[in-house]
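Undergrad: Residues 1 to 139 (UniProt numbering) are what the first sequence spells out, left to right.
I am attaching a structure below and will ask some questions about it afterwards.
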Amino acid sequence: MRYWLFKSEAEVWSWDQQFAKGEVGEEWNGVRNYQARNNMREMQIGDLGFFYHSRAEKEVVGIVEVCALAHPDSTTDDERWECVDIKAVRSFNKPVTLAMCKDDPRLSDMVLVNNTRLSVQPVSPEEWKVVCELGETNP
DNA sequence: GCCAACGTTGGC
DNA sequence: GCCAACGTTGGC
């Protein structure tokens with residue numbers, strides 16, 4: 001089981017929208033970056049991920065679960081682009097801001113802190129634990 | 001709203 | 001195959 005982080009601008013696709021989808025989940029479409037796509041290809045059913053609001057909010061707001069393996073992105077005919085489906089698991093009791101991550105020495109190697117432009121990224125088990133702790137949420 | 005960082009495209 | 005130009009992301 002691996003851990004991931006998904007970035008989305010709240011104006012485009014928010015945690016509230018994702019949560020409202022419930023068990024059905026939603027395609028994580030629109031990714032047009034090879035590195036992000038490759039990460040999605042490695043995902044397995046049951047992998048967990050953080051849902052992060054980029055740009056305006058800059059905070060981790062919830063936990064999602066991968067519920068469909070990588071498949072063609074329905075928003076394009078270009079067969080290069082694939083995506084997984086994810087469903088909301090639970091909301092953080094307290095959002096974890098980017099600033100909090102940057103301030104915590106245990107998260108100094110986190111991709112979120114070091115590679116601002118990667119929209120789908122891996123999270124180590126240790127980082128997962130720390131961020132959940134900061135969010136006062138069960139890992 | 002600005003701009004740095006980075007990824008992609010396309011001319012050569 | 002290199003690299004300049006361009007477009008996009010996302011922090012500030």
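Glycine included, each C-beta is placed from N, C-alpha and C at the ideal position.
Just to confirm, is the Cβ distance from VAL111 to ILE86 under 8 Å?
TA: In this structure, ILE86 does not lie closer than 8 Å to VAL111 by Cβ.
Undergrad: Less than 8 Å between the C-beta atoms of VAL61 and PHE92, yes or no?
TA: Going by C-beta atoms, VAL61 is nearer than 8 Å to PHE92.
Undergrad: What do you get for GLY49, buried or exposed, if any count of 16 or more other CB atoms within 10 angstroms of its CB means buried?
TA: Buried, by the Cβ-count rule.
Undergrad: Take CYS67 as the anchor and find which of GLN44, ALA99 and TYR3 has the nearest alpha-carbon.
TA: Nearest option by C-alpha distance: GLN44.
Undergrad: Which runs of the alpha helix (DSSP H) spanning at least 4 residues fall entirely within the segment 87-137, listed in chain order?
TA: List check, alpha helix (DSSP H) in window: 98-103, 111-114 and 125-134.
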